[in-house]
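Enquirer:
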Amino acid sequence: MQETFYFDSAPQPYRAEAAVVWRFDDRITLAVQKFLKRRNFLHVDSFRVAGGAKALASPGNEAEHQFLIDQTGLSRKLHGIERFAGDVGAERAHHCAELARAAASLRVAVPDLEVESFFVDFSGVSRVEIQRARSSGAD
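Going by numbering that gives the first Met the number 0, the sequence shown opens with residue 0, and the numbers climb by one from there.
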């Protein structure tokens with residue numbers, strides 16, 4: 000075997016500040032990376048999938064949904080995430096509703112996970128406020 004690229008990565012375990020799902024459109028990669036850096040996230044578990052958070056909100060099939068739920072659980076187990084940030088890109092109104100469904104899906108699967116939602120397009124990153132559904136039982 001011939002080494003073609005040398006890079007010295009830290010082998011120690013790390014704690015991730017967040018898990019982030021985003022679409023694999025390379026045109027928004029730099030914006031997402033700069034946004035995460037601005038939030039001072041040193042370690043992020045990143046899930047790049049077709050459609051981004053849509054795979055949680057309204058997946059083409061259950062396997063898409065279950066994949067992200069499983070990855071979020073593993074990220075939490077291995078890297079201690081306590082926050083999840085989702086993004087989808089295109090028309091805002093439609094995707095804000097998709098982000099709300101994605102957040103609800105994650106909150107059912109991982110109830111004590113803090114879920115934040117952001118919309119990424121070609122002009123930047125916007126926070127999407129998602130209301131947590133009220134419980135019907137007495138607290």
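Here a beta-carbon is modelled for each residue, glycine too, at the ideal position from N, C-alpha and C.
In three-state terms, what does DSSP make of E63?
Expert: Here residue 63 corresponds to residue number 64 of the sequence shown, with the count starting at 1. E63 falls in the helix class under three-state DSSP.
Enquirer: Using C-beta distances below 7 Å, list every residue in its chain close to E90, excluding the 5 sequence neighbours before and after it, in chain order.
Expert: The residue you call residue 90 lines up with position 91 of the sequence shown. Confidence is the limiting factor: at E90 the pLDDT is only 46, short of 50, which leaves the residue's position unreliable, though a coordinate-based value still follows. Contacts found: none.
Enquirer: Would you grab the beta carbon distance between A30 and G123 for me? Rounded to a whole angstrom, and I think it's under 8 Å.
Expert: Locating residue 30 in the sequence shown gives position 31, where the first residue counts as 1. Locating residue 123 in the sequence shown gives position 124, where the first residue counts as 1. So it is a contact: roughly 6 Å between Cβ atoms.
Enquirer: I'd like to check one pair, S104 with L55: are the Cβ atoms closer than 7 Å?
Expert: Within the sequence shown, numbered from 1, the residue matching residue 55 stands at position 56. Within the sequence shown, numbered from 1, the residue matching residue 104 stands at position 105. Against a cut-off of 7 Å, the Cβ pair of S104 and L55 comes out as a contact.
Enquirer: Take F34 and list the residues in its own chain whose beta-carbon comes closer than 7 Å to its own, dropping the five residues that flank it on each side.
Expert: Looking up residue 34 in the sequence shown gives position 35. Taken in chain order, the residues that qualify are V124.
Enquirer: Report the residue from R22, E2 and A108 whose alpha carbon sits nearest the alpha carbon of F121.
Expert: Position 122 of the sequence shown holds residue 121. Per the Cα distances, R22.
Enquirer: Can you give me the C-alpha to C-alpha distance between L98 and A52, rounded to a whole angstrom?
Expert: Translated into the one-based positions of the sequence shown, residue 98 becomes position 99. Translated into the one-based positions of the sequence shown, residue 52 becomes position 53. Answer to the nearest angstrom: the Cα atoms are 6 Å apart.
Enquirer: May I have a chain-ordered list of the alpha helix (DSSP H) segments no shorter than 4 residues that lie completely inside the region 8-68?
Expert: The qualifying runs are 28-37 and 53-56.
Enquirer: Can you look up S116 in the DSSP assignment and give me helix, strand or coil?
Expert: Within the sequence shown, the letter at position 117 stands for residue 116. DSSP places S116 in strand when its eight states are reduced to three.
Enquirer: Helix, strand or coil: which one does DSSP assign to V109?
Expert: Along the sequence shown, read from residue 1 onward, the residue named residue 109 stands at position 110. In the structure shown, V109 sits in coil (DSSP, three-state: anything other than H, G, I, E or B).
Enquirer: Just tell me which of T3, S74, Q65 and E61 has its CA closest to the CA of S45.
Expert: The residue labelled residue 45 in the question sits at position 46 within the sequence shown. Nearest C-alpha to S45: S74.
Enquirer: Assuming L67 and V20 make a contact with CB atoms under 8 Å, what is their CB distance in whole Å?
Expert: Here residue 67 is taken as the residue at index 68 of the sequence shown, counted from 1. Here residue 20 is taken as the residue at index 21 of the sequence shown, counted from 1. The Cβ separation is near 6 Å, so the contact holds.
Enquirer: What first and last residue would you give for the beta strand (DSSP E) that runs through S125?
Expert: Against the sequence shown, residue 125 aligns to sequence position 126. S125 -> beta strand (DSSP E) spans G123 to V127.
Enquirer: With distances taken from CA atoms, which of M0, R47, Q32 and K76 is nearest Y13?
Expert: Taking the first residue of the sequence shown as position 1, residue 13 is located at position 14. Checking every option, the nearest Cα to that of Y13 belongs to K76.
Enquirer: In its own chain, which residues sit with a C-beta less than 8 Å from the C-beta of G72, not counting the 5 before and 5 after it?
Expert: For this step, residue 72 is matched to residue 73 along the sequence shown. Counting only Cβ-Cβ distances below 8 Å, and skipping sequence neighbours, we find A108 and V109.
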